[in-house]
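Novice: Dropping a structure here in structure tokens format, bear with me for questions.
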Amino acid sequence: MSVEDDAVRGALKASYPEPGGAGVVRVVRERVARGETGIVPPTGGGAAWLAWIGGALAIGVLAAGLGAAGVFGHPAVGVWESGSPAGLVRTAVAADCPGGSPVTVFSARQRVLVIARSADAGYLAVRDPADYSRRVWLPADVVTIDSGQPELGALAMAGCPAPEPAAQDGAPAATTPPAQQPPAAPPTPSDVSAPSVSVGTFSPQPLYGTESAAYCPTTSTIVVTASDSSGITSVGGTLDLPGGTVTLQSSSGSGYVFAVRTPYTGFSDATGTVTFTVVDSVGNSASASASLGVRATCLN
Amino acid sequence: MPNDVNEQAALDLDGFVARDYGRVVAAVGMITGNRQDAPDAVQDALVGLLARPPRLPIDNLPAWVTVVASNRARDRHRTRLAEARAFERLGAPDGAVEDRPEMLDTDLQRALDALPLQQRRVCALHYLADQSVEAIAQILGISPGSVKTHLHRARKALATSLKVEELG
Numbered sequence: 389m390s391v392e393d394d395a396v397r398g399a400l401k402a403s404y405p406e407p408g409g410a411g412v413v414r415v416v417r418e419r420v421a422r423g424e425t426g427i428v429p430p431t432g433g434g435a436a437w438l439a440w441i442g443g444a445l446a447i448g449v450l451a452a453g454l455g456a457a458g459v460f461g462h463p464a465v466g467v468w469e470s471g472s473p474a475g476l477v478r479t480a481v482a483a484d485c486p487g488g489s490p491v492t493v494f495s496a497r498q499r500v501l502v503i504a505r506s507a508d509a510g511y512l513a514v515r516d517p518a519d520y521s522r523r524v525w526l527p528a529d530v531v532t533i534d535s536g537q538p539e540l541g542a543l544a545m546a547g548c549p550a551p552e553p554a555a556q557d558g559a560p561a562a563t564t565p566p567a568q569q570p571p572a573a574p575p576t577p578s579d580v581s582a583p584s585v586s587v588g589t590f591s592p593q594p595l596y597g598t599e600s601a602a603y604c605p606t607t608s609t610i611v612v613t614a615s616d617s618s619g620i621t622s623v624g625g626t627l628d629l630p631g632g633t634v635t636l637q638s639s640s641g642s643g644y645v646f647a648v649r650t651p652y653t654g655f656s657d658a659t660g661t662v663t664f665t666v667v668d669s670v671g672n673s674a675s676a677s678a679s680l681g682v683r684a685t686c687l688n
Numbered sequence: 002m003p004n005d006v007n008e009q010a011a012l013d014l015d016g017f018v019a020r021d022y023g024r025v026v027a028a029v030g031m032i033t034g035n036r037q038d039a040p041d042a043v044q045d046a047l048v049g050l051l052a053r054p055p056r057l058p059i060d061n062l063p064a065w066v067t068v069v070a071s072n073r074a075r076d077r078h079r080t081r082l083a084e085a086r087a088f089e090r091l092g093a094p095d096g097a098v099e100d101r102p103e104m105l106d107t108d109l110q111r112a113l114d115a116l117p118l119q120q121r122r123v124c125a126l127h128y129l130a131d132q133s134v135e136a137i138a139q140i141l142g143i144s145p146g147s148v149k150t151h152l153h154r155a156r157k158a159l160a161t162s163l164k165v166e167e168l169g
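The listed protein sequences correspond, in order, to chains A and B.
If you read the first sequence in my numbering, its first letter stands for residue 389, the second for the next number, and so on.
If you read the second sequence in my numbering, its first letter stands for residue 2, the second for the next number, and so on.
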């Protein structure tokens with residue numbers, strides 16, 4: 389353990405002393421017995437403030453109405469967000485919009501906070517754990533909201549590009565059934581067009597070697613988006629480095645998520661090029677590339 | 002009256018309070034910069050856990066409670082700020098929002114305030130909640146490499162404020 393580590397730990401422990409837990413068990417059990425659900429009650433004092441709160445609400449409603457009418461242009465992002473704690477039942481790719489472009493990957497059993505739903509309830513917006521200022525979208529069938537938490541109907545509706553109006557307080561829970569998905573287009577024998585393919589960027593970068601990687605990432609992930617009218621049959625990638633070529637395996641059956649992990653041998657500091665090739669069901673192919681910096685030694 | 006079924010399914014409340022409560026409250030206080038609200042936020046998380054047990058099991062309860070409670074405390078703080086701004090716009094008298102975060106007037110506190118939220122979160126989970134790098138990566142949904150990077154940068158910044166120098 390380093391001197392820095394010991395000093396920081398000691399200073400933090402001294403600045404944030406651990407309180408005792410006397411009475412906590414009793415208080416928690418009493419609150420549960422009273423039917424509390426752990427939701428933070430509104431702050432504020434006695435009845436003297438009700439007029440102020442009422443005034444604030446009235447102004448808020450008026451402002452919301454004007455905002456919805458376009459008087460203020462694009463609505464501002466809310467000051468704070470609440471939602472429903474949930475977990476993922478399997479690994480899934482999150483998109484920037486319902487059915488949009490992949491932006492990140494969530495692992496099975498990862499905990500998320502669901503903050504909105506799409507109009508057809510087919511997608512759920514969750515707060516990105518890596519960036520709380522950003523919301524990303526997951527298919528609703530991969531998310532299980534915790535028991536007793538606000539269900540789908542209680543969530544505000546949103547979407548892209550223009551957010552839809554949020555559900556009004558007191559209004560009956562929306563029960564819009566999921567929109568029927570259009571049937572997949574059958575393979576077209578005359579399909580002569582190449583599939584469309586785009587790649588994101590490797591994150592994080594650069595990728596480091598093995599033994600000295602105490603504070604340096606040894607895994608980097610990239611999302612590949614591919615589509616074709618007749619369907620995609622394969623997506624593969626190769627990483628070309630001065631020391632040789634590494635074949636990348638997709639880490640997911642869908643979403644085309646690729647991960648590069650060290651160790652692999654024979655590379656020195658360099659920037660490699662990864663070429664992804666997509667093939668559709670009639671043999672048309674297309675490629676796209678992305679760069680990945682690699683470092684043999686972690687200097688941190 | 003205790004809800005025995007929920008409690009058995011969700012957590013051993015007595016065991017958690019005996020083993021983990023103190024360090025979790027400390028970690029929440031550091032993440033939010035508000036030690037005053039930290040115990041309430043942790044208790045809210047425990048009440049929610051008992052009243053509405055999650056369908057999926059929670060592998061690491063101290064880390065889970067730390068993250069959930071700190072998010073809740075931050076939400077509460079933001080709500081208060083929004084209320085304060087609303088009162089101010091409406092001409093409410095001074096002192097409408099009395100509950101101010103408890104702050105430490107030290108170099109360390111200033112260094113903590115300057116840390117990005119994710120670094121503060123990683124630091125609190127590691128140094129105060131005694132979580133491993135792998136456990137932090139799991140609960141925050143980031144890679145162990147990212148955790149190490151955040152930890153390294155936060156430690157450097159905090160050590161500078163403490164005027165610590167590495168030997169050798």
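Even glycine gets a Cβ: it sits at the ideal position worked out from N, Cα and C.
Any beta carbon of chain B sitting closer than 8 Å to that of residue 425/A?
Specialist: Closer than 8 Å to some Cβ of chain B, the Cβ of residue 425/A qualifies, so yes.
Novice: Check residue 415/A in the structure and name its three-state DSSP category.
Specialist: In the structure shown, residue 415/A sits in a helix (DSSP, three-state: H, G or I).
Novice: Using the Cβ count rule (16 or more neighbours within 10 Å means buried), how would you classify residue 149/B?
Specialist: Looking at its Cβ environment, which holds 16 or more other Cβ atoms inside 10 Å, residue 149/B is buried.
Novice: Taking Cβ-Cβ distances below 8 Å as the criterion, which residues of the region 405-421 of chain A are in contact with chain B?
Specialist: Listed in sequence order: 405, 406, 407, 408, 409, 412, 413, 415, 416, 417, 419, 420, 421.
Novice: Answer with yes or no whether the minimum CB distance from residue 142/B to chain A is below 8 Å.
Specialist: Yes, its Cβ sits closer than 8 Å to a Cβ of chain A.
Novice: For the candidate residues 408/A, 490/A, 510/A, whose alpha-carbon lies nearest to that of residue 546/A?
Specialist: When only C-alpha atoms are compared, the closest one is 510/A.
Novice: Going along the chain, which residues of its own chain have a beta-carbon closer than 6 Å to the beta-carbon of residue 516/A, five neighbours each way excluded?
Specialist: If we look at residue 516/A and ignore the five residues flanking it on each side, its Cβ neighbours are 522, 524.
Novice: Out of curiosity, what's the CA-to-CA distance linking residue 108/B and residue 121/B?
Specialist: For residue 108/B and residue 121/B, the distance between alpha carbons rounds to 15 Å.
Novice: To the nearest angstrom, how far is the alpha carbon of residue 495/A from that of residue 114/B?
Specialist: Rounded to the nearest angstrom, the two C-alpha atoms are 31 Å apart.
Novice: State the start and end residues of the unbroken alpha helix (DSSP H) segment that holds residue 161/B.
Specialist: Segment 145-163, the alpha helix (DSSP H) holding residue 161/B.
Novice: Taking Cβ-Cβ distances shorter than 7 Å, what residues in chain A pair up with residue 13/B?
Specialist: By Cβ distance, chain A contributes nothing, its closest Cβ being about 10 Å from residue 13/B, past 7 Å.
Novice: Distance check for residue 66/B and residue 398/A, CA to CA, integer angstroms please.
Specialist: Near 23 Å, if we compare the C-alpha coordinates of residue 66/B and residue 398/A.
Novice: Considering Cα atoms alone, identify which of 147/B, 127/B, 56/B is closest to residue 477/A.
Specialist: Ranking the options by Cα distance to residue 477/A, first place goes to 56/B.
Novice: Taking 8 Å as the CB-CB limit, is residue 498/A close to chain B?
Specialist: At least one chain B Cβ lies under 8 Å of residue 498/A.
Novice: Buried or exposed: where does residue 541/A fall if 16 or more other Cβ atoms within 10 Å of its Cβ makes it buried?
Specialist: Classification for residue 541/A: exposed.
Novice: Out of curiosity, what's the CA-to-CA distance linking residue 526/A and residue 588/A?
Specialist: Whole-angstrom Cα-Cα distance: 18 Å.
Novice: If we require 4 or more residues per run, which alpha helix (DSSP H) segments fall completely within the region 8-49 of chain B?
Specialist: List check, alpha helix (DSSP H) in window: 14-20, 22-33.
Novice: Classify residue 693/A as buried or exposed, calling it buried when 16 or more other Cβ atoms lie within 10 Å of its own Cβ.
Specialist: Any question about residue 693/A goes unanswered here, given that chain A covers just 389 to 688.
Novice: In this structure, does DSSP put residue 367/A in helix, strand or coil?
Specialist: Outside the displayed range of chain A (389 to 688) lies residue 367/A, so it cannot be described from this structure.
Novice: In chain A, what lies closer than 8 Å to residue 36/B by C-beta?
Specialist: Per Cβ cutoff of 8 Å: 404.
Novice: Taking Cβ positions, are residue 594/A and residue 683/A nearer each other than 8 Å?
Specialist: Closer than 8 Å, so yes.
Novice: Quick one: using the 10 Å Cβ neighbour count with 16 as the cut-off for buried, is residue 405/A buried or exposed?
Specialist: Residue 405/A should be labelled exposed.
Novice: Contact defined as beta carbons within less than 8 Å: I believe residue 29/B pairs with residue 74/B. What is the distance between those atoms, to the nearest angstrom?
Specialist: Indeed they touch by this definition, with Cβ atoms about 6 Å apart.
Novice: Would you mind working out which of 112/B, 44/B, 62/B sits nearest residue 132/B, comparing C-alpha positions?
Specialist: When only C-alpha atoms are compared, the closest one is 62/B.
Novice: Tell me residue 683/A's beta-bridge partners as DSSP assigns them.
Specialist: Note: residue 683/A sits in a beta bridge opposite 596/A.
Novice: Under the DSSP definition of a beta bridge, which residues are partnered with residue 527/A?
Specialist: Answer is 511/A.
Novice: According to a CB-to-CB cut-off of less than 7 Å, which residues of the region 40-57 of chain B neighbour chain A?
Specialist: So the list reads 40, 44, 45, 46, 47, 48, 49, 51, 52, 53, 54, 55, 56, 57, given in the order they occur along the chain.
Novice: On the DSSP bridge assignment, give the partners of residue 472/A in chain order.
Specialist: In DSSP, residue 472/A forms a bridge with 502/A.
Novice: Does chain B have any CB closer than 8 Å to the CB of residue 683/A?
Specialist: No, residue 683/A does not count as interfacial toward chain B.
Novice: At which residues does the alpha helix (DSSP H) containing residue 398/A begin and terminate?
Specialist: From DSSP, the alpha helix (DSSP H) with residue 398/A extends over 391-403.
Novice: Using a C-beta to C-beta distance shorter than 8 Å, which residues of chain B count as neighbours of residue 517/A?
Specialist: Those within 8 Å of residue 517/A in chain B are 141, 142, 143.
Novice: For residue 618/A and residue 657/A, which I take to be in contact (beta-carbon distance under 8 Å), what is that distance rounded to the nearest angstrom?
Specialist: Not confirmed; about 42 Å, so no contact.
Novice: What do you reckon, are the CB atoms on residue 116/B and residue 83/B nearer than 8 Å?
Specialist: It is not a contact, given that the beta carbons lie outside the stated cut-off.
Novice: Below 8 Å between beta carbons: does that hold for residue 402/A and residue 160/B?
Specialist: No, these two residues do not count as a Cβ contact at 8 Å.
Novice: Tell me which residues share the same chain as residue 681/A and place their Cβ nearer than 6 Å to its Cβ, disregarding the 5 neighbours each side in the sequence.
Specialist: These residues qualify, in order along the chain: 593, 594, 659.
Novice: Could you tell me whether the Cβ atoms of residue 129/B and residue 24/B are closer together than 8 Å?
Specialist: Yes, these two residues count as a Cβ contact at 8 Å.
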